[in-house]
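J.: Protein chains in written order, with our numbering: chain A, 1 to 298; chain B, 299 to 596.
Cβ coordinates follow ideal geometry from the N, Cα and C atoms, glycine included.
Protein chains: 2
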Amino acid sequence: MKNILIIGCGLLGSSLVRKISKKKIAKKLYIYEKSKLNIVKIKKLKLSGRIVKSLKDGVVNSDLIILCTPMSEYKGIISKINKHIKPKSLITDIGSSKIESSKIIKKFLRNDVYWIQSHPITGSEVSGPEHGKDSMFEDKWCILIKDKKTNLKHLNFLNSFWKKIGSKTVMMTSEKHDKIFSITSHLPHLIAYNLVKSAQDFEKKQKYDLIKYSAGGLRDFSRIAASNEIMWRDIFFDNRKNVTKAINIFMKNLNSFKKDINAKNNRSILKKLTQTKRVRSKIVKLKQDTNKPDFGRN
Amino acid sequence: MKNILIIGCGLLGSSLVRKISKKKIAKKLYIYEKSKLNIVKIKKLKLSGRIVKSLKDGVVNSDLIILCTPMSEYKGIISKINKHIKPKSLITDIGSSKIESSKIIKKFLRNDVYWIQSHPITGSEVSGPEHGKDSMFEDKWCILIKDKKTNLKHLNFLNSFWKKIGSKTVMMTSEKHDKIFSITSHLPHLIAYNLVKSAQDFEKKQKYDLIKYSAGGLRDFSRIAASNEIMWRDIFFDNRKNVTKAINIFMKNLNSFKKDINAKNNRSILKKLTQTKRVRSKIVKLKQDTNKPDFGRN
């Protein structure tokens with residue numbers, strides 16, 4: 001049993017705290033949170049784990065350190081913990097893009113400390129410790145980043161940690177990770193933000209009250225477009241090369257769709273509209289979504 | 299009390315049948331359905347209402363006729379009912395775009411018969427009478443198309459019909475309708491189809507198994523992209539002028555997003571990512587969506 005420090009106790013950090021304490025995975029559990037508002041919330045929620053006042057206090061006593069902050073904070077955190085961290089400690093993070101953050105880690109982290117990156121595929125449009133839940137990672141994928149230099153002993157330990165948390169784990173390189181998630185996650189979020197922005201522009205220009213008619217499609221996108229802006233700015237900036245490529249594929253297809261519509265090209269459009277159905281059945285079959293119509297919302 | 303004929307007994311047609319019979323809104327209720335498979339389903343479901351073998355049989359006895367078929371079938375149906383329909387009958391439909399279909403109606407429908415268009419804002423990604431439910435229209439908007447020539451007596455009757463069904467009604471011209479829904483419904487569906495298509499293209503090219511990681515965003519779009527292809531082809535073709543304009547606004551914004559990401563323009567991107575949140579709160583406040591995180595899916 002190890003001592004664990006959670007840095008950043010928002011939606012996912014607090015969910016880890018809940019699960020770790022529920023399943024008694026840590027000998028001692030420390031929480032570092034820089035937002036005073038969140039600290040008040042954590043105390044009110046009576047989450048287990050000792051809140052430490054400085055990163056140093058948490059780091060000196062911990063074997064596993066998990067960063068659950070926006071990725072833009074990694075550099076500052078590394079500079080604060082470098083002096084105090086024990087060489088045998090393992091660091092991980094739960095950031096959604098990996099190539100850029102691995103560069104930061106290589107450049108700034110002390111040489112004798114290991115950091116193996118994780119990415120649990122879960123979350124929500126709401127933020128803050130009050131929305132966390134111990135089931136957040138249950139049966140969800142957690143990607144572990146493995147490349148030539150990864151320490152296998154630490155990797156095995158991290159793998160068994162995430163399994164105890166309830167995740168299904170899979171290992172891949174940061175390059176493969178960033179390509180896959182540019183399409184399955186980063187592009188969909190960008191598209192959702194962009195669609196809602198376009199609706200707002202239209203509403204302003206036409207002076208129509210659109211939002212009350214959003215049940216026809218727009219509302220689903222608005223959920224995704226309500227996600228945390230700092231987290232998503234960091235992801236878009238860090239994975240900009242792959243996201244740009246994904247945008248380009250998307251734009252090419254959209255231009256082709258537009259042509260088909262204007263030419264009333266029946267065969268081509270029906271092909272487009274039917275082949276996408278297969279993806280939905282596959283997603284439901286793989287238990288990546290509920291099979292209830294309309295997400296069981298009504 | 300009037301005799302009502304439902305033409306096309308799929309998801310929405312069967313939902314109307316269920317609600318009309320549950321609330322005893324019709325004196326007699328007739329159903330016309332051309333798909334043999336659907337007729338078998340309707341009988342198995344024991345839906346009330348008499349299934350008629352020909353459009354003629356339904357039309358000669360009905361005061362209110364409601365088309366719940368894809369819009370591309372309106373022309374053929376008009377040619378079949380024109381001879382038999384009673385001059386005092388009222389026709390309506392539940393199609394999702396209005397300008398093009400109103401042209402078909404004006405051109406082909408007998409002059410002494412009234413057709414006032416409706417558009418209930420409801421539906422699902424699943425099709426067929428087995429998925430219908432009597433609560434489908436409950437507290438949902440229903441748009442009634444009103445222009446200079448609309449017969450007010452019939453309009454009032456139709457308005458009270460939809461209120462009995464459980465809808466909230468609002469009246470507008472077909473031009474305003476098609477503009478609003480090009481942005482709140484038609485563009486979101488097109489974007490969802492296009493995103494799923496782009497993911498498929500990427501998967502083929504990279505040979506990565508993407509779908510199992512779809513929980514990060516893609517799966518929400520896949521629900522919308524599983525909607526009925528004939529219905530959506532008809533909508534995209536019929537409302538192509540407004541949809542093209544909507545695509546152009548969307549593309550312009552997406553290009554601006556791409557520039558911001560590549561220039562790491564912090565201020566501009568944070569503005570984009572925060573202002574869209576207001577739309578979500580407004581949608582939830584207007585009760586157009588559940589306020590449960592992740593649609594209450596987990």
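Starting from B:Y330, trace the beta strand (DSSP E) in both directions and tell me its first and last residue.
T.: That run of the beta strand (DSSP E) goes 324-330.
J.: Check the C-beta distance from B:I363 over to B:L303 and give it rounded, since I have them as a contact under 8 Å.
T.: Rounded, the Cβ-Cβ distance is 5 Å, consistent with contact.
J.: For B:N560, decide whether its Cβ has a neighbour in chain A, counting only Cβ atoms nearer than 7 Å.
T.: With 7 Å as the cut-off, B:N560 counts as an interface residue toward chain A.
J.: Taking the C-alpha atoms as reference points, what is the distance between B:P385 and B:D587?
T.: Using only the alpha carbons, I get a separation of about 41 Å.
J.: Anyone know if the C-beta pair for A:K43 and B:L584 falls short of 7 Å?
T.: No, these two residues do not count as a Cβ contact at 7 Å.
J.: I'd like the list of long-range same chain contacts for A:D63, defined as Cβ closer than 6 Å, with 5 residues on each side in sequence excluded.
T.: Cβ neighbours of A:D63 beyond the five flanking positions: K2, N3, S89.
J.: Buried or exposed: where does A:L11 fall if 16 or more other Cβ atoms within 10 Å of its Cβ makes it buried?
T.: Looking at its Cβ environment, which holds 16 or more other Cβ atoms inside 10 Å, A:L11 is buried.
J.: Taking B:S395 as the reference, give the member of B:K462, B:D536, B:V350 with the closest Cα.
T.: Checking every option, the nearest Cα to that of B:S395 belongs to B:D536.
J.: Exposed or buried, what is B:N589 when buried is set at 16 or more other beta-carbons lying within 10 Å of its beta-carbon?
T.: With fewer than 16 other Cβ atoms within 10 Å, it is exposed.
J.: Over what stretch of residues does the alpha helix (DSSP H) that includes B:L450 continue unbroken?
T.: Where B:L450 is concerned, the enclosing alpha helix (DSSP H) stretches over 450-463.
J.: Please name the residue or residues paired with B:S483 in a DSSP beta bridge.
T.: B:S483 is not bridged to any residue.
J.: Under a three-way DSSP split, which group does A:L270 fall into?
T.: Three-state result, A:L270: helix.
J.: Since A:T274 meets chain B, which of its residues come closer than 9 Å, beta carbon to beta carbon?
T.: Near A:T274 (Cβ distances below 9 Å), the residues of chain B are E527.
J.: Thinking just about the alpha-carbon of each residue, which of A:V60, A:L55, A:K27, A:S174 is nearest to the one in A:S48?
T.: Among A:V60, A:L55, A:K27, A:S174, the Cα nearest to that of A:S48 belongs to A:K27.
J.: Any idea if A:G58 is buried or exposed, counting beta-carbon neighbours within 10 angstroms, 16 or more meaning buried?
T.: Buried.
J.: With H, G and I counted as helix, E and B as strand and the rest as coil, what does DSSP make of B:P385?
T.: B:P385: coil per DSSP, three-state reduction.
J.: Check the Cβ of A:S15 against every Cβ in chain B and list those closer than 8 Å, keeping chain order.
T.: The premise fails here: A:S15 is roughly 12 Å from chain B at the closest Cβ pair, so nothing lies under 8 Å.
J.: Keeping to the same chain, check which residues put their C-beta closer than 6 Å to that of B:A544; ignore five residues upstream and five downstream.
T.: If we look at B:A544 and ignore the five residues flanking it on each side, its Cβ neighbours are S480, I481, L485.
J.: Is the segment 437-456 of chain B in contact with the segment 211-230 of chain A, if contact means three or more CB pairs nearer than 8 Å?
T.: Taking 8 Å as the limit for Cβ pairs, the verdict is that the segment 211-230 of chain A does touch the segment 437-456 of chain B.
J.: Can you tell me which residues form a DSSP beta bridge with B:D391?
T.: Looking at the DSSP assignment, B:D391 forms a beta bridge with B:L365.
J.: I'd like the ranges of any beta strand (DSSP E) spanning at least 3 consecutive residues and lying wholly in the segment 37-82 of chain A.
T.: List check, beta strand (DSSP E) in window: 64-67.
J.: Could you spell out the range, first to last residue, of the alpha helix (DSSP H) harbouring B:T467?
T.: Segment 466-470 is the beta strand (DSSP E) holding B:T467; no alpha helix (DSSP H) there.
J.: Could you check whether the segment 124-133 of chain A touches the segment 221-231 of chain A, counting it as contact only if at least three pairs of C-beta atoms, one from each stretch, sit closer than 8 Å?
T.: Cβ pair count under 8 Å is three or more, so yes.
J.: Below 6 Å CB to CB, which residues in the same chain sit around A:E33 once its five sequence neighbours on both sides are set aside?
T.: The answer, listed in chain order, is C9, I39.
J.: Beta carbon of B:T572, beta carbon of A:E203: below 7 Å?
T.: Going by C-beta atoms, B:T572 is not nearer than 7 Å to A:E203.
J.: Taking 7 Å as the CB-CB limit, is B:L335 close to chain A?
T.: Not one chain A Cβ lies under 7 Å of B:L335.
J.: Hey, B:D432 and B:K317: beta-carbon distance below 7 Å or not?
T.: In this structure, B:K317 lies closer than 7 Å to B:D432 by Cβ.
J.: Quick one: which residues of the segment 214-241 of chain A get their C-beta closer than 7 Å to a C-beta of chain B? List them in chain order.
T.: Per Cβ criterion, the list reads S214, A215, G216, G217, L218, R219, D220, F221, S222, R223, I224, A225, A226, E229, W232, R233, F236, F237, R240.
J.: Provide the residue span of the beta strand (DSSP E) that contains B:S416, from first to last.
T.: Its beta strand (DSSP E) spans residues 416-418.
J.: Near A:I78, which residues of its chain fall below 8 Å by C-beta distance, leaving aside the five closest residues on each side in sequence?
T.: Result list for A:I78: I104, I105, F108, L109, in chain order.
J.: Closer than 6 Å by C-beta to A:I165: which residues in its own chain qualify, once you throw out the five before and the five after it? Chain order, please.
T.: So the list reads K19, F137, once near-sequence residues are dropped.
J.: What's the gap between the Cα of A:I99 and the Cα of B:K334?
T.: Their Cα atoms are separated by approximately 56 Å.
J.: Provide the residue(s) that pair with B:W530 in DSSP beta bridges, ordered along the chain.
T.: B:W530 pairs with nothing; no bridge assigned.
J.: Is there at least one Cβ from chain B nearer than 7 Å to A:F157's Cβ?
T.: Taking Cβ atoms only, chain B never reaches closer than 7 Å to A:F157, which makes this a no.
J.: For A:K199 and B:V577, which I take to be in contact (beta-carbon distance under 8 Å), what is that distance rounded to the nearest angstrom?
T.: Note that residue 199 of chain A corresponds to Ala in the displayed sequence, not to Lys. So it is a contact: roughly 7 Å between Cβ atoms.
J.: If A:N159 sits next to A:T169, beta carbons under 8 Å apart, how far is it from one beta carbon to the other, in whole angstroms?
T.: 5 Å between Cβ atoms; contact.
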